[in-house]
Amino acid sequence: MDFDTVYEEQFQPIYQYIRYMVSNAELAEDLTQEAFLRLYKTDLSKVSNISTYIRQAARNLVYDHYRRKAIIKWLPFTKSHEQHELTYVPHEWIVREERRKAFYEALHKLKPIQREVIIYRKIEELSIQETFAIMGLSTMKVVNTQRSAMKALEKILGGVMNE
115 MDFDTVYEEQ FQPIYQYIRY MVSNAELAED LTQEAFLRLY KTDLSKVSNI STYIRQAARN
175 LVYDHYRRKA IIKWLPFTKS HEQHELTYVP HEWIVREERR KAFYEALHKL KPIQREVIIY
235 RKIEELSIQE TFAIMGLSTM KVVNTQRSAM KALEKILGGV MNE
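Going by the working numbering, the final residue of the sequence shown carries number 277, and the count climbs one at a time with no gaps.
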């Protein structure tokens with residue numbers, strides 16, 4: 115598989131993952147670009163699973179960013195200056211936006227490893243095998259982390275989550 119094909123197939127999922135993790139669109143674009151730059155410099159014939167490789171590169175870049183900045187607490191997904199102007203929208207849109215905001219706020223309250231597992235397993239719908247390959251955890255660790263994250267989300271949101 116050539117780089118252009120990989121870029122076309124993987125750009126959006128990698129950008130979304132990084133965006134979920136860093137909450138800043140410009141930073142997410144920069145880190146996504148860096149992840150693909152690393153892939154470009156790699157001999158693709160030596161990479162057994164390109165999807166896993168690029169996801170690991172993206173994950174490492176996010177963690178490196180936080181290490182460099184010495185940020186202990188994860189940043190929220192939206193900031194006050196990113197809020198949209200108030201305009202009239204149908205009730206369903208308002209409810210959907212409120213639910214999404216509540217979900218992101220709840221996701222933000224999880225431990226970083228729980229958040230990452232939820233992003234991979236529930237948002238990106240990756241398999242357990244793909245998730246443990248990207249994160250470098252055992253299968254049981256992924257399963258247990260997902261279970262505890264779902265329980266934590268359920269507690270935060272005050273309802274029943276679908277596993």
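Even glycine gets a Cβ: it sits at the ideal position worked out from N, Cα and C.
Exercise. Once you ignore the five residues that flank residue 165 on each side, which residues in its own chain have a CB closer than 7 Å to its CB?
Worked result: Numbered from 1 along the sequence shown, position 51 holds the residue referred to as residue 165. So the qualifying residues of the chain are 124.
### Task
Counting only the same chain and skipping the five closest in sequence on each side, list residues whose C-beta sits under 7 Å from that of residue 246.
The residue given as residue 246 occupies position 132 in the sequence shown. Result list for residue 246: 252, 253 and 256, in chain order.
* To do: Within its chain, find whatever has a CB closer than 7 Å to the CB of residue 240; leave out the 5 residues flanking it on each side and keep chain order.
  => Stepping through the sequence shown from its first residue, residue 240 is reached at position 126. Excluding residues within five positions, the ones whose Cβ falls inside 7 Å are 234.
Would you decide whether residue 151 is buried or exposed? Buried here means 16 or more other CB atoms lie within 10 Å of its CB. Within the sequence shown, numbered from 1, the residue matching residue 151 stands at position 37. Exposed.
Requested in this report: Check residue 153 in the structure and name its three-state DSSP category.
Outcome: Counting from one through the sequence shown, the residue named residue 153 turns up at place 39. Looking at residue 153 - three-state DSSP - the assignment turns out to be helix.
**Message:** Using only the alpha-carbon positions, how far apart do residue 154 and residue 269 sit?
**Reply:** Sequence index remark: in the sequence shown, residue 154 carries index 40 (1-based). Sequence index remark: in the sequence shown, residue 269 carries index 155 (1-based). Cα to Cα, the separation comes out at about 43 Å.
- Within this structure, are the beta carbons of residue 168 and residue 232 separated by less than 8 Å? Along the sequence shown, one-based indexing puts residue 168 at 54. Along the sequence shown, one-based indexing puts residue 232 at 118. Contact: no.
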